[in-house]
Each structure stands twice: as structure tokens, then as C-alpha cells.
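The opening residue of the sequence shown carries number 67 in the working numbering; numbering runs sequentially from there. Note that CB positions come from ideal geometry on N, CA and C, so glycine has one too. A quick write-up on the structure given underneath.
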Amino acid sequence: MASIDNMATHLINHMTRSIVLVGHMGSGKTNVGRLLAQKTQLDFVDSDKIIETVAGISIVDIFDLYGEAEFRRLELREISTLLDHQPAQIISVGGGAFVQPDCHDIIKVKGLSIWLQAQPETLVSRMSNIASRPLLKDKDPLQVLRQLSEQRDPYFAKADLIVNTDGLELSDSASKVFDHLMQYLEQHTGSSS
């Protein structure tokens, strides 16, 4: 029988769909994604960073200068491009991406989505640089995240995997995501990998 490490390596090497981390701002998508990339030996990409590079300005500036609709258009285009990339990689997407119908559909078809679930209080406690988050600009972060949870959680619940990260350090969150991913891949070998 193959060791767990050999089994994990085999499953990951045969993946054809990228892993897409979804969830609210502050859920740890970027940091957990980097740690998960180390565990899986897959590349990590942050779609928000790609959008900023392509646009040549920050996401806050895109929102301020061109509005949310233009940002969502750029987001869909860049996420679609990332999902077409082979070999599979780990992609962290912005908090609103999975809620947008076109973006949600393309992620569900071309990616393996994992919701990093956490309570609003946890999300606020994890966030740094709140000023860089357009939806929190000049607002009460906890109140905004409670409202966003009500609106977005039903969409996030449609992810292929749901991993609750409340009360976990980053490394523990990444380990938990990895364990859930391995269980999922073992159960779906050939159909989702």
C-alpha cells in the first residue's frame, strides 16, 4: 500500500483543475493558499494581485476610478485565464468573485472550489490594512462583514469543499484544508481531479 505522502503526491500530480480558494476578506485565502502551495508543490496565484498588475493600479483605485462593474469585468477575465492554465495551481480570488454569476459558473466548471469559512468576528480579527479594502472604506468592518455574510454565505456554501477555519492559526487552517482536499480527491479520483 502506498504511503500517505505518495498517495497525496499521486492525487495532486493527476489534478487537471486548479484549486480555487473562496471566502470573505480576512478568511485567509492568500496566506492559506501560500501554505497549501508549499504542501502540494503547486504554484500559488492571487487573482487580485494579477488584476492590479494588469490594470497598473490598486483595486481600491479601480473601484474609485472605474467602479465595481469594471473591476468585476477584469476579475472575470483574469480568473478565467488563470483557470485555463495547466498544470493545476492554487488560486485565491477576491471575496466577491464567487458571488458573481459568471465568475461562479466558470469556477464551478473549471476549478475545485474551497470555501474558507469563518465568522465575521474572526474575519475582522485577522484583517490588516483595512484601508486597502474598498468595501470597508469609512465603515464599521464588523457590521459590513455581518451584512456580507448574510448576502454571500449562501453562494459560498455551493463550493465543492467547506472548511471552517474559526479559531485556527494559519498553519492549522492550511493543514485542515489539505486534509479535506486529500479526502475529496480520494473520493473523486478520475472525476474531479
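Query raised in the report: Can you tell me whether A163 is buried or exposed, with buried defined as 16 or more other CB within 10 angstroms of its CB?
Result: Residue burial annotation: A163 is buried, with at least 16 other C-beta atoms found within 10 angstroms of its C-beta.
Requested in this report: Within the same chain, show all residues whose beta-carbon is closer than 6 Å to that of N97, passing over the 5 residues directly before and after it, in chain order.
Outcome: L236
Query raised in the report: Do E144 and I116 have their CB atoms nearer than 8 Å?
Result: yes
Report task. Note down, in chain order, each residue of its chain lying with its Cβ closer than 8 Å to the Cβ of L208, except the 5 sequence neighbours on either side. Result -> Within the same chain, Cβ atoms closer than 8 Å to the Cβ of L208 are found at P186, E187, V190, the five residues on either side in sequence being excluded.
Query raised in the report: For L149, which three-state DSSP category applies?
Result: In the structure shown, L149 sits in a helix (DSSP, three-state: H, G or I).
Query raised in the report: Any idea if G233 is buried or exposed, counting beta-carbon neighbours within 10 angstroms, 16 or more meaning buried?
Result: exposed
Query raised in the report: What residues in its chain sit with their C-beta under 6 Å from that of V165, if we drop five residues either side in the sequence?
Result: R218, Y221
Query raised in the report: At what residue ranges does the segment 125-176 contain a whole run of the alpha helix (DSSP H), taking only runs of 4 or more?
Result: 125-132, 134-149, 167-176
Query raised in the report: How big is the Cα-Cα spacing for A68 and L142?
Result: Since pLDDT at A68 reaches only 40, below the 50 mark, its modelled position is unreliable, and the value read off the structure follows with that caveat. The straight-line gap from Cα to Cα measures roughly 40 Å.
**Report entry** S84 in three-state terms, based on DSSP
**Finding:** strand
Report task. Would you tell me roughly how many angstroms separate the C-alpha atoms of G160 and L178, rounded to the nearest one? Result -> 16 Å
Query - Opposing strand residues paired with I228 [DSSP bridges] - result: W181
Query raised in the report: How would you write the range of the beta strand (DSSP E) that D109 sits in, first residue to last?
Result: Run containing D109: none; DSSP gives neither H nor E here.
Query raised in the report: Buried or exposed: which applies to H90, given that a residue is buried once 16 or more other Cβ atoms fall within 10 Å of its Cβ?
Result: buried
Query - Residue range of the alpha helix (DSSP H) that includes H246 - result: 236-253
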